[in-house]
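S.K.: When the sequence shown is numbered by the numbering used here, its final residue is 280 and no position is left out of the sequence of numbers.
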Amino acid sequence: MIPRLLPKQRALMLRDDEYRNDEGIIFCKACHTPRQATVAIEGEVYTSRVMCRCQKECYEREEAEEKARRQRQQIERNRSVGLPDPVLQAHTFENDLGYNPKAIEYARNYAEKFDAFCKEGLGLLLWGDVGTGKSFIAGCIANDLLNKNVRVLMTNFSRLLNRLTDLQMGDRNGYINSLNSFDLLIIDDLGIERNSEFAKEQAFSIIDSRYRSGKPLIVTTNLGLHEMDNASDLWRRRIFDRVRERCIPVKVSSQNIRKILAEKTIERGKELLTHGNG
3 MIPRLLPKQR ALMLRDDEYR NDEGIIFCKA CHTPRQATVA IEGEVYTSRV MCRCQKECYE
63 REEAEEKARR QRQQIERNRS VGLPDPVLQA HTFENDLGYN PKAIEYARNY AEKFDAFCKE
123 GLGLLLWGDV GTGKSFIAGC IANDLLNKNV RVLMTNFSRL LNRLTDLQMG DRNGYINSLN
183 SFDLLIIDDL GIERNSEFAK EQAFSIIDSR YRSGKPLIVT TNLGLHEMDN ASDLWRRRIF
243 DRVRERCIPV KVSSQNIRKI LAEKTIERGK ELLTHGNG
C-alpha cells in the first residue's frame with residue numbers, strides 16, 4: 003500500500019498509543035520507534051504515516067499466519083483429490099508397525115529426496131506377495147509428500163478403468179493426460195486389471211503417457227520380477243518394460259501383515275467375548 007502523503011504543514015493527528023518527540027515526529031508508545039516519515043518531492047516536503055517496529059512485527063506475523071492457513075487449505079484440497087480412498091489417509095510413517103523396516107527406510111528416503119528423484123523421473127516398484135504392506139508403504143510416501151504440498155494421486159487400475167469406460171475416445175486421452183498434472187502418480191495393484199483387450203490397452207496408455215511425461219511413477223504389484231520380465235502377453239510386456247526402466251524395485255516382506263492383523267483382531271474379539279470390557 004502506498005502511504006498517503008500530506009503537506010508537512012498539515013500535522014498528522016495523534017492516536018491514543020502515540021506521542022511526539024521534541025522534533026514533532028510521531029512515535030509509538032509501546033516500541034518507541036517512528037510512525038511518521040517525511041519525503042521531498044520536487045522541492046515540496048511531505049509527511050506520511052509508516053509502521054513502527056511493533057506494527058511491522060504484527061503485520062508480518064499475520065501475513066505468515068495467513069500464508070500458513072492458505073497452505074493448509076491447499077494441502078487438504080490436494081489430499082482430498084489425491085487420496086480418493088479415505089482409508090489411505092491413515093497410511094503414514096507415524097502409523098508404521100515395523101513389519102517392513104528396510105522397505106520403510108527406502109520409502110522414507112524416497113520421500114525425503116523426492117526433488118532429486120523427480121528431476122530424474124525415477125519412481126519405485128513395490129513388489130511382493132498379497133497382504134505384505136505394499137499399499138501401506140506407498141500411502142506413507144503419498145501422505146508425506148502431500149504434507150509438503152506436493153501434488154500426488156494414489157489410485158488403482160480398477161478405478162482408472164471404470165472412469166475410462168465411461169468416456170468417449172477423445173475424452174479418454176484428455177483424462178489420461180490429466181494424470182500427468184500430478185507430481186507423483188501412484189498406481190496400486192498393477193497386474194490385477196481386467197483381462198480384456200480394452201483394459202490392457204488403457205493400462206498401457208496410462209503407463210506409456212506417464213513414461214513419456216518424464217514424471218515419476220510408483221507402482222505396487224503382487225507379481226514377481228521374473229513374471230514381469232517374462233510376460234507372455236504383448237500388452238503386459240510393453241507395460242512392464244516401461245515400469246522396470248523407470249521404477250526402482252523394492253521387495254516388500256513375505257509376511258502376510260493383513261493375516262497377522264486379522265488374527266490379532268480375532269484374538270482381541272475372543273478376549274472381549276470371554277472377559278467383557280474388563
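Yeah, the Cβ is synthetic: ideal placement off N, Cα and C, and Gly gets one too.
Does Leu7 come out as helix, strand or coil in the three-state DSSP assignment?
M.R.: Its pLDDT being 48, under 50, Leu7 is placed unreliably in this model, and the value from its coordinates should be taken loosely. Residue state, collapsed to three classes: coil.
S.K.: Which residue comes first and which comes last in the alpha helix (DSSP H) that contains Phe184?
M.R.: That residue, Phe184, is in no alpha helix (DSSP H); it is neither H nor E in DSSP.
S.K.: State buried or exposed for Asn97, treating a residue as buried only when at least 16 other CB atoms are found within 10 Å of its CB.
M.R.: Asn97 is exposed by the Cβ-count criterion.
S.K.: Pull up the DSSP beta-bridge partners for Ala42, would you.
M.R.: Val47
S.K.: Going straight from the alpha carbon of Arg165 to that of Asn111, what length do you get?
M.R.: 33 Å
S.K.: Looking at the secondary structure, which residues open and close the alpha helix (DSSP H) in which Lys253 lies?
M.R.: No alpha helix (DSSP H) holds Lys253; the beta strand (DSSP E) holding it covers Cys249 to Lys253.
S.K.: Using C-beta distances below 6 Å, list every residue in its chain close to Asp185, excluding the 5 sequence neighbours before and after it, in chain order.
M.R.: Take Asp185, set aside five residues on each side of it, and the residues of its chain with a beta-carbon closer than 6 Å to its own are Val152 and Arg153, in chain order.
S.K.: Compute the distance between the beta-carbons of Thr40 and Thr49, then report whether it is under 8 Å.
M.R.: yes
S.K.: Please report the distance separating the alpha-carbon of Val47 from that of Ala70.
M.R.: Distance between the alpha carbons of Val47 and Ala70 is about 40 Å.
S.K.: Please list the segments of the alpha helix (DSSP H) lying wholly inside the stretch 153 to 235, counting only runs of 4 or more residues, in order along the chain.
M.R.: List check, alpha helix (DSSP H) in window: 159 to 167, 171 to 180, 199 to 215 and 227 to 231.
S.K.: Provide the residue(s) that pair with Tyr21 in DSSP beta bridges, ordered along the chain.
M.R.: Phe29
S.K.: Going by C-alpha distance, which of Ile209, Gly193, Gly130 and Met171 is nearest Leu187?
M.R.: Ile209
S.K.: Buried or exposed: where does Val252 fall if 16 or more other Cβ atoms within 10 Å of its Cβ makes it buried?
M.R.: The residue is buried, with at least 16 neighbouring Cβ atoms inside 10 Å.
S.K.: By Cβ distance below 7 Å, which residues in the same chain neighbour Leu301 in space, the five residues on each side in sequence not counted?
M.R.: Any property of residue 301 remains undetermined from this structure, which presents the chain solely from 3 to 280.
S.K.: Report the three-state DSSP secondary structure of Pro36 (helix, strand or coil).
M.R.: strand
S.K.: Determine, using beta carbons only, whether Phe159 and Ala205 come nearer to each other than 8 Å.
M.R.: yes
S.K.: Taking the alpha carbon of Ala201 as the point to measure from, which residue in Leu181, Asp168 and Asn224 has its own alpha carbon closest?
M.R.: Asp168
S.K.: Specify the secondary structure class of Leu128 as computed by DSSP and reduced to three states.
M.R.: strand
S.K.: If contact is defined by three or more beta carbon pairs under 8 Å, each pair taking one atom from either stretch, is the stretch 173 to 180 in contact with the stretch 221 to 237?
M.R.: no
S.K.: Please state if the CB of Cys249 and the CB of Gly125 are separated by a distance shorter than 8 Å.
M.R.: The Cβ atoms of Gly125 and Cys249 lie closer than 8 Å to each other.
S.K.: Let me know the secondary structure DSSP gives Leu90 once reduced to three states.
M.R.: Here DSSP, grouped into helix, strand and coil, assigns Leu90 to helix.
S.K.: In three-state terms, what does DSSP make of Asp243?
M.R.: It is helical.
S.K.: Could you pull out every residue in the same chain whose Cβ sits closer than 6 Å to the Cβ of Ala66, ignoring the five residues on either side in sequence?
M.R.: Excluding the 5 residues flanking it on each side, Ala66 has no same chain C-beta neighbour closer than 6 Å.
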